[in-house]
Amino acid sequence: MLKTLRATALMVLVCSTPSWALAADFDGSKPLLCATIDAHFCDVGEVCYRTLPGVLGAPQFIRINFAKKIVAGTQRTTEIRFMESGEGQLLLQGTELGYAWGIALDTKTGAMSTTLVSHENVFVLFGACTPS
120 MLKTLRATAL
130 MVLVCSTPSW
140 ALAADFDGSK
150 PLLCATIDAH
160 FCDVGEVCYR
170 TLPGVLGAPQ
180 FIRINFAKKI
190 VAGTQRTTEI
200 RFMESGEGQL
210 LLQGTELGYA
220 WGIALDTKTG
230 AMSTTLVSHE
240 NVFVLFGACT
250 PS
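Our numbering puts the first residue of the sequence shown at 120, with every later residue one more than the last.
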């Protein structure tokens with residue numbers, strides 16, 4: 120019984136990933152694969168519409184390559200023009216097709232919030248990232 124308990128404790132210790140190791144995955148040092156999960160679309164003067172990202176034409180997956188300073192979807196790749204780290208998040212910004220976009224990445228969990236903004240409307244996407 121004691122041997123089984125020790126073996127189980129050792130397995131848990133060896134197989135568990137410490138939180139500090141996970142945090143390093145989302146600090147901008149590793150490329151990420153992100154999945155979009157939820158989407159909202161808002162027009163000026165209208166109630167926002169909630170839907171799936173694909174309905175709005177958003178890619179299901181995007182790749183963030185910090186070394187190359189790019190965000191790549193299935194059809195487009197765009198340059199990251201600004202990055203800032205602080206307060207448990209990493210902020211990315213750029214422009215594409217007449218929209219300013221921003222990504223806020225939680226450096227502990229990999230949760231992602233994205234906006235695409237023009238003078239007429241706004242898209243808001245929520246998702247999650249993992250090291251790729």
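Positions of the beta carbon are idealized from the N, C-alpha and C atoms, including for glycine.
Bear in mind that the values here come from a model prediction, so they are computed numbers and not experimental data.
Where do the ends of the beta strand (DSSP E) carrying residue i lie?
i, result
"SER232", "230-236"
"GLY192", "It is not in any beta strand (DSSP E) - GLY192 carries neither H nor E in the DSSP assignment."
"VAL241", "240-250"
"ARG212", "Here residue 212 turns out to be Gln, not Arg, going by the sequence shown. It spans 208-215 - the beta strand (DSSP E) in which GLN212 sits, taken as one unbroken run."
"CYS153", "151-162"
"ALA219", "218-225"
Here's a check: name, in chain order, each residue in its chain whose Cβ is nearer than 6 Å to the Cβ of residue i, leaving out the five neighbours to either side.
i, result
"THR214", "none"
"PHE185", "GLY147"
"ARG169", "HIS159"
"CYS248", "LEU151, CYS153, GLY229, MET231"
Taking the Cβ atom as the reference point for each residue, do residue i and residue j lie within a distance shorter than 8 Å?
i, j, result
"THR226", "ASP146", "yes"
"ARG182", "LEU211", "no"
For residue i, which residues from the same chain have a beta carbon less than 8 Å from its beta carbon, with the 5 sequence-adjacent residues on both sides left out?
i, result
"GLY207", "ASP225, THR226, LYS227"
"ALA142", "Caution is warranted here: a pLDDT of 49 is assigned to ALA142, below 50, making its placement in the model unreliable, and the coordinate value is therefore given only provisionally. So the qualifying residues of the chain are THR226, LYS227."
"VAL131", "Residue placement at VAL131 cannot be trusted, given a pLDDT of 35 that sits under 50; what the coordinates show is reported in the next sentence. So the list is empty, once near-sequence residues are dropped."
>> Taking contact to mean 3 or more Cβ pairs, one atom from each stretch, closer than 8 Å, check whether the region 188-200 and the region 166-180 are in contact.
In response: yes
>> Tell me whether the region 243-250 and the region 155-165 touch, counting them as touching only if at least three CB pairs, one residue from each stretch, are closer than 8 Å.
In response: yes
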